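Q: I'd like to ask you about the structure that follows.
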Amino acid sequence: MGLRVFNTMGREMQDFVPITPGFVGFYGCGPTVYNYAHIGNLRAYVFLDILDRTLSFLGYDKKHVMNITDIGHLTGDDDSGEDKIVKTAKERHQSVLEVAQFYTDEFFKDLDALNIRRPDVVCKATDHVSDMIELIKRIEANGHTYMSGGNLYYDVSTYADYGKLANLRLGDQKAGARVGVDENKRNPYDFVLWFTKSKFENQALSWESPWGKGYPGWHIECSAMSMKYLGDHFDIHTGGIDHIPIHHTNEIAQSEGATGKKWVNYWLHNEFLVVKNDASGDGDKMSKSAGNFLRLQTLADKGYDALDYRYFLLGAQYRSQVFFSWDAMESAKNARKALIKRAAQIIEASHGKTSSSLGKKAQGYIDSFKAALENDLATPQAMSALHLAVKDSELKAEEALSLIKTMDGVLALKIEAEAAKLESAPHIETHEGDAEAAEIDALVAERTAAKKAKDFAKADKIRGDLASRGIVITDTPEGPVWKRTAQKP
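For any residue, its number in the numbering used here is found by taking its place in the sequence shown, counting from 1, and adding 266.
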């Protein structure tokens, strides 16, 4: 069938045809590093990772570029408010660079926990200001800019296709309807390419430019960095649906305003993670401003692995809203655990060996998995193919293990690695006929409770007391297991 994707530009499913046969260049909007990423933010990067891994699975060479915004992103995407990172730096009495570096490091810790592989290029905005200045010069040379109030604006009236991604109509827009009033703008849709000190007298970072000492607007950052590493025309640009009406719309205007030609062929946007408010199913987008956001650490504190959350996300197609609830997380955790336990049985039966060739039925599962991914990254159907494969008793164990390796190469749930831990863990003994079993079980449970309460001294004492009686506790992913290693004194 070949890969088909839903292109936001045109609002339709389209066959994916790369500019260069066999190679895909794509850019994903990265984080503004002024706070921790919440799990709603992280959905975008799981989606990007599935795209990245799917392209590799389908045999493409690729170049995946992602930015880190560490300057210039205001609290309002429409150029209103103040710089998000500067705001955090003031609140914490730290430098802008200290804040940006701290949250950049935390962001990548979250990506590592979710088993998201790093983009081929990660670029910081502060390292590419000269590239932004050069791109703005090209835009200015083509007659798309004007100076007002000390800032350089993009004049959207000079670009006939402005708003085509979001289906905006300039003629229908009343002044000030979309954004807060900015008396310097000729049109409410106009946006800043370069701020000077007239915006914030005490801006922490600034650079010399032909328009005065200042700093770049947020939108120009993504255009400049993507074009530096992927060229003036590339295959795919991704982001959340909230980027469509302003950020991506402005990126297109300034990029095509600079080059005079098409910039990106395919626009892919992921939907929101929604937090349920009540039993009716109504809910709100997870956001920092709404105060309803959860971090990966929040999930970990409640006993969920980051890969349980990844499993939960893959249960919905990236263009569908997904409703977060603790019940849904529990279901995802249990389903992933069951998958791992079944994989452990397969590893044991196959002695860890894979099949050099697949039979017709096994190949059918691969074909189903591939067809799901080629259908606009339909991860629910891809997950279904995996579940059906591991449950099929007619497959040879070596074939089943081959399927796990191949499919999890895209889904990235670490199924084999976690299963190998289970397979090598001691088997649970029934302790039938052991008169002290009930007492020992109670002590093991008491130790577990002490660990959860972070009373590690008590937990260690219980372990030591049991060890002195010839009883060894082994902590496994399934919980603690005890057995006797010596006769009682």
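Beta carbons: idealized from backbone N, C-alpha and C, even for Gly. The structure displayed is predicted, hence computed values, not measured ones.
Three-state secondary structure (DSSP) at residue 307?
A: Helix, per DSSP.
Q: In whole angstroms, what separates the C-alpha of residue 317 from that of residue 602?
A: The alpha-carbon atoms of residue 317 and residue 602 are separated by roughly 21 Å.
Q: Residue 636: buried (16+ other C-beta within 10 angstroms of its C-beta) or exposed?
A: Buried, because 16 or more other Cβ atoms sit within 10 Å of the Cβ of residue 636.
Q: Pull up the CB-CB distance for residue 459 and residue 412, whole angstroms please, since I reckon it's below 8 Å.
A: Incorrect: roughly 10 Å between the Cβ atoms, too far for contact.
Q: Would you check if the distance between the CB atom of residue 750 and the CB atom of residue 737 is smaller than 7 Å?
A: Yes, these two residues count as a Cβ contact at 7 Å.
Q: Going residue by residue through the stretch 494-530, where are the continuous beta strand (DSSP E) segments of at least 3 residues, counting only ones entirely within it?
A: Counting only runs of 3 or more, we get 500-506.
Q: Sort 330, 529, 334, 705 by Cα distance to residue 487 and report the nearest one.
A: The shortest C-alpha separation from residue 487 is found at 334.
Q: I need the straight-line Cα distance from residue 393 to residue 404, nearest angstrom please.
A: When rounded, the distance between both Cα atoms is 20 Å.
Q: According to DSSP, simplified to helix, strand and coil, what is residue 302?
A: If DSSP states are grouped into helix, strand and coil, residue 302 belongs with coil.
Q: Looking only at C-alpha atoms, which of 530, 531, 682, 588 sits nearest to residue 614?
A: Minimum Cα distance to residue 614 is reached at 682.
Q: Apply the 10 Å Cβ neighbour rule to residue 217 and answer buried if 16 or more other Cβ atoms are within range, or exposed otherwise.
A: An answer regarding residue 217 cannot be provided, because it is not within the stretch 267 to 755 covered by the chain.
Q: Should residue 515 and residue 431 be called a contact, given that it needs their Cβ atoms to be closer than 7 Å?
A: Yes. Within cutoff.
Q: Assuming contact is defined by CB atoms lying nearer than 7 Å, are residue 539 and residue 679 in contact in what I supplied?
A: Going by C-beta atoms, residue 539 is not nearer than 7 Å to residue 679.
Q: Taking just the CA atoms, how far does residue 314 sit from residue 581?
A: Approximately 15 Å between the Cα atoms of the pair.
Q: Examine the Cβ distances between the stretch 295-307 and the stretch 636-656 and report whether three or more of them are shorter than 8 Å.
A: Flag = no, the stretch 295-307 and the stretch 636-656 do not touch.
Q: Give me the Cα-Cα distance between residue 491 and residue 534, rounded to the nearest whole angstrom.
A: Their backbone Cα atoms lie some 18 Å apart in a straight line.
Q: I'd like to know if the stretch 377-392 and the stretch 325-332 are in contact, where contact means that at least 3 CB-CB pairs between them fall below 8 Å.
A: Judged by Cβ distances under 8 Å, the stretch 377-392 makes contact with the stretch 325-332, as three or more pairs qualify.
Q: Based on DSSP bridge pairs, tell me the residues matched to residue 414.
A: Paired residues: 417.
Q: Can you tell which of 627, 596, 585, 664 has the C-alpha that lies nearest to the C-alpha of residue 621?
A: Taking only the C-alpha atoms, the option nearest residue 621 is 664.
Q: I need the boundaries of the alpha helix (DSSP H) containing residue 398, first residue and last residue.
A: 395-407 is the span of the alpha helix (DSSP H), which, as asked, contains residue 398.
Q: For the beta strand (DSSP E) that contains residue 481, what are its first and last residues?
A: Its beta strand (DSSP E) spans residues 480-482.
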